[in-house]
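Residue numbers for the sequence shown follow our numbering, beginning at 16 and rising by one.
Virtual Cβ for every residue (Gly too), placed ideally from N, Cα, C.
One structure is given here, and the rest of the page talks about it.
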Amino acid sequence: MRVPNKRVASRSAAGSARSALIALTASVGTDGLAAAAASAGLLALVDQHAAAVRDSLDGDRRPLTVAALAGYAEGVRAAATEHGWQPATEPTDWTAPDWLHTRLLAVCALARSLDPRHLA
Numbered sequence: 016m017r018v019p020n021k022r023v024a025s026r027s028a029a030g031s032a033r034s035a036l037i038a039l040t041a042s043v044g045t046d047g048l049a050a051a052a053a054s055a056g057l058l059a060l061v062d063q064h065a066a067a068v069r070d071s072l073d074g075d076r077r078p079l080t081v082a083a084l085a086g087y088a089e090g091v092r093a094a095a096t097e098h099g100w101q102p103a104t105e106p107t108d109w110t111a112p113d114w115l116h117t118r119l120l121a122v123c124a125l126a127r128s129l130d131p132r133h134l135a
């Protein structure tokens, strides 16, 4: 019996987390972060949500990671789906985003601050 290499499994998990955040950035982050850059009100809202995400992930005591952010985003989406949310078919209206989109945008902002080369 062959024993899996933990290092390979870790790289695989990290790659999967990075891929999930890249997909989230493509669907929410790119347009949302551009809108936030142009709107002080939206930027402040995203900053508040980012602080709440950091608090939820105990970001003051340990560094945030791509894996933690990807897991958080997946948990938020799963909870929303359980409560009847379905992905929109239209682009998000960033002049009045709902809580879910603002929270996911905050995850994108945090992810970009961790790894701007791969998540931009």
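Taking residue i as the reference, which of the options has the closest Cα?
i	options	result
Thr103	His64, Val43 and Gly90	Sequence check: residue 103 is Ala here, not Thr. Of the candidates His64, Val43 and Gly90, the one whose C-alpha sits nearest the C-alpha of Ala103 is Val43.
Thr110	Thr80, Ala49, Gly90 and Asp73	Ala49
Which of the three DSSP states, helix, strand or coil, is assigned to residue i?
i	result
Gly47	helix
Glu97	helix
Leu84	helix
Glu89	helix
Leu79	coil
Thr40	helix
Ala103	coil
Ala35	helix
Ala52	helix
Can you tell me where the alpha helix (DSSP H) holding residue i begins and where it ends?
i	result
Asp62	Ala55 to Ser71
Leu125	Trp114 to Leu129
Whole-angstrom Cβ separation of residue i and residue j, contact assumed at under 8 angstroms?
i	j	result
Arg107	His116	For the record, residue 107 in the displayed sequence is Thr; it is not Arg. Contact flag correct, Cβ pair sits at about 5 angstroms.
Leu36	Ala126	5 angstroms
Quick one: is residue i buried, meaning 16 or more other Cβ sit within 10 Å of its Cβ, or exposed?
i	result
Trp114	exposed
Pro112	buried
Ala55	exposed
Ala51	buried
Ala121	buried
Gly47	buried
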